[in-house]
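Numbering (UniProt numbering), first residue to last: 1 to 361.
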């Protein structure tokens, strides 16, 4: 898990240091000046060292689902249904969402693993459509707004929460995967769980809107602004609910909606943000889309060589807070041994979301 990251545009470029490229005065005064592209040029060629080998000692880690290869075939199949553009489809296949799913849910039954994979693929592709510069919706806020509204209507209908009798228009082929996921989800869960899932989806879509507006405004946010949006667009709140599928359990609302569970999910979310932002930085620089914790802190005045140690320390503090809150929930549920076992297994599943992210990245 230790690595030296070279901030190069292509993986095959030799690792070496180069001085940052400075923008000219004319370029910065130009109406077409793009701060993301300028920051990419400034960071490209820099090198940072990342070592997380001892960050999660004692947490469950290293397991991969035994049906990974089978899931990979299914993942490629559904991508061909949901992503018609061959180049985008190829890119997503290379992302290996089957590996992601196998690392996050290593002990799930096959049907449950497949269900979780459907949601994973649908969410990542849906978000990518607006989140990167590779799709026309990414630069067209008004069209993206219509797409978000149509998507929510479609999702709500298929979670059996809509009064509509007629199926809404499917806004994109990738939403067909959500339809299949929702059918499976509705077979297992009552309205309480379906409402909880949809509320998390609504929150995610709302933050997707804020993230796009921020990016199109053409500026690098400060730390607090960035984190307010980032917490909402990781999908962690939704993915946590998938543990009820992959662990075949239903936890009571008094646990799922408790302040303690919210705190655990928040800390899990922060850890994933730190891991993902550090280890995905090279890819983001390559596409001139660098709204990421590392450049956010760098632009605030922190030297690049100090940003990673700072974020690592913050991640370790978050890990410790998660463990402390988990201990509180453990003590709170000791009176009910069955609930306690299910809850602590659920929390271990949340920990695996963090360690699985590190393995996947």
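Beta carbons are placed, not taken as given, at the ideal position from N, Cα and C, and that holds for glycine.
Start-to-end residues for the alpha helix (DSSP H) that takes in residue i
i	result
residue 109	Segment: none, residue 109 is in no alpha helix (DSSP H) and carries neither H nor E.
residue 337	337-360
residue 240	236-246
residue 268	259-279
residue 63	Element bounds for residue 63: n/a, residue is neither H nor E.
residue 318	304-332
residue 233	223-233
residue 201	191-216
residue 98	97-104
residue 294	293-299
residue 56	Careful: residue 56 lies outside any alpha helix (DSSP H) and carries neither H nor E.
residue 152	141-158
residue 177	175-188
residue 253	253-256
Closest residue to residue i among the options (Cα-Cα distance)
i	options	result
residue 254	360, 193, 88, 130	193
residue 322	217, 334, 277, 269	269
residue 120	109, 234, 228, 142	234
residue 283	75, 95, 319, 54	95
residue 208	272, 196, 229, 200	229
residue 87	67, 135, 66	135
residue 236	67, 350, 50	350
residue 74	110, 324, 293	110
residue 154	166, 144, 143	166
residue 346	358, 183, 300, 329	329
residue 191	338, 301, 160	160
residue 308	66, 276, 79	276
residue 200	181, 216, 106, 239	239
residue 149	68, 218, 204, 358	204
residue 105	340, 66, 139	66
residue 217	140, 84, 227	140
residue 107	90, 142, 68	68
residue 249	83, 341, 156	341
residue 47	215, 294, 84, 162	294
residue 170	64, 163, 82	82
residue 215	296, 262, 261	296
Cβ distance (whole Å) where residue i is taken to contact residue j below 8 Å
i	j	result
residue 158	residue 178	7 Å
residue 326	residue 264	6 Å
residue 232	residue 206	7 Å
residue 355	residue 61	4 Å
residue 103	residue 360	5 Å
residue 76	residue 93	5 Å
residue 147	residue 137	6 Å
residue 353	residue 278	Between residue 278 and residue 353 the Cβ distance is about 17 Å, and since that is not below 8 Å, they are no contact.
residue 343	residue 251	6 Å
residue 292	residue 304	Contact flag wrong, Cβ pair sits at about 12 Å.
residue 211	residue 152	Residue 211 to residue 152, Cβ: 16 Å. No contact.
residue 373	residue 219	What is shown of the chain runs 1 to 361, which leaves residue 373 out entirely.
residue 197	residue 185	7 Å
Residue i Cβ short of 7 Å to the ligand FMN heavy atom set
i	result
residue 243	This structure lacks the ligand FMN, and indeed carries no ligand of any kind.
(message) Would you call the region 163-174 in contact with the region 97-113, where contact means no fewer than 3 C-beta pairs closer than 8 Å?
(response) no
(message) Within 8 Å, do at least three Cβ pairs link the region 221-237 to the region 308-315?
(response) Because the criterion of three Cβ pairs below 8 Å is not met, the region 308-315 and the region 221-237 do not touch.
(message) Using 8 Å as the cut-off, can you tell me whether the region 104-119 makes contact with the region 230-248, which would need three or more C-beta pairs spanning the two stretches below that distance?
(response) Of all C-beta pairs linking the region 104-119 to the region 230-248, three or more are shorter than 8 Å, placing the two stretches in contact.
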